[in-house]
Each structure stands twice: as C-alpha cells, then as structure tokens.
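Our numbering runs 10 ahead of the 1-based position in the sequence shown.
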Amino acid sequence: MNFKTIILLILVVIITIFFMQNTAPVEFWFFGKHIFALSSIIAITLFIGIIIGAILLRPRKIKTEVIQVNPSTTSDMDEI
C-alpha cells in the first residue's frame with residue numbers, strides 16, 4: 011500500500027466514525043419544519059461550502075484588450 015491509500019483509508023474511517031456518532035435527530039426549519047440527522051446537516055452544509063468556495067476561488071481568465079492601430083490616427087500623430 012502506498013502512502014496516499016493509507017491516508018485515504020484513515021480519513022474514510024474517521025469520517026465514518028463521525029457520521030455514526032452524530033445520528034441524533036435535529037429539528038431544522040427552512041420553509042417548514044423538518045427533522046434530519048445531525049450528520050446529514052453537517053454534510054450538506056460542508057458540501058454547499060465547498061461548492062461556494064470552488065465557485066468564488068476558481069481561476070478567472072485574464073481579459074486582454076486588443077488595440078488595433080488605425081492608419082489615419084498614426085499619420086495624425088506624426089503631424090503633431
């Protein structure tokens with residue numbers, strides 16, 4: 011087993027233990043009264059946070075303006 015596989019297995023075990031211990035029902039009010047497991051609310055908010063972070067921190071294309079030289083303006087500049 012390589013190092014990445016061992017780290018991945020450890021993370022999966024830790025996450026599984028976390029979800030197994032946080033199954034208590036929690037009342038959640040958002041456009042009505044809903045009851046969810048605490049671990050599912052944590053997972054949903056984590057997922058939404060990752061999506062928002064990925065959208066806000068994605069690399070943006072650098073916009074460059076292409077300026078074309080007009081021959082009449084260059085001749086006007088030479089006269090000045």
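All C-beta atoms in this analysis are idealised placements derived from N, C-alpha and C, irrespective of residue type, glycine included.
Next on the checklist: Do Val36 and Phe46 count as a contact pair if the criterion is CB distance below 8 Å?
Outcome noted: Residue 46 sits at position 36 when you count from the first residue of the sequence shown. Residue 36 sits at position 26 when you count from the first residue of the sequence shown. It is a contact, given that the beta carbons lie within the stated cut-off.
Checklist entry - Which two residues bound the contiguous alpha helix (DSSP H) that contains Ala53? => result Stepping through the sequence shown from its first residue, residue 53 is reached at position 43. Looking at the DSSP string, the run of the alpha helix (DSSP H) that includes Ala53 is 48-66.
Item to check | Three-way DSSP call (helix, strand, coil) for Phe28 in this model | outcome: The residue given as residue 28 occupies position 18 in the sequence shown. It is helical.
Next on the checklist: Within the continuous beta strand (DSSP E) that includes Pro35, where are the two ends?
Outcome noted: If you number the sequence shown from 1, residue 35 lands on position 25. Where Pro35 is concerned, the enclosing beta strand (DSSP E) stretches over 35-39.
Item to check | Counterpart residues of Ile45 in DSSP-defined beta bridges | outcome: Indexing the sequence shown from 1 puts residue 45 at position 35. BP columns for Ile45 point to Glu37.
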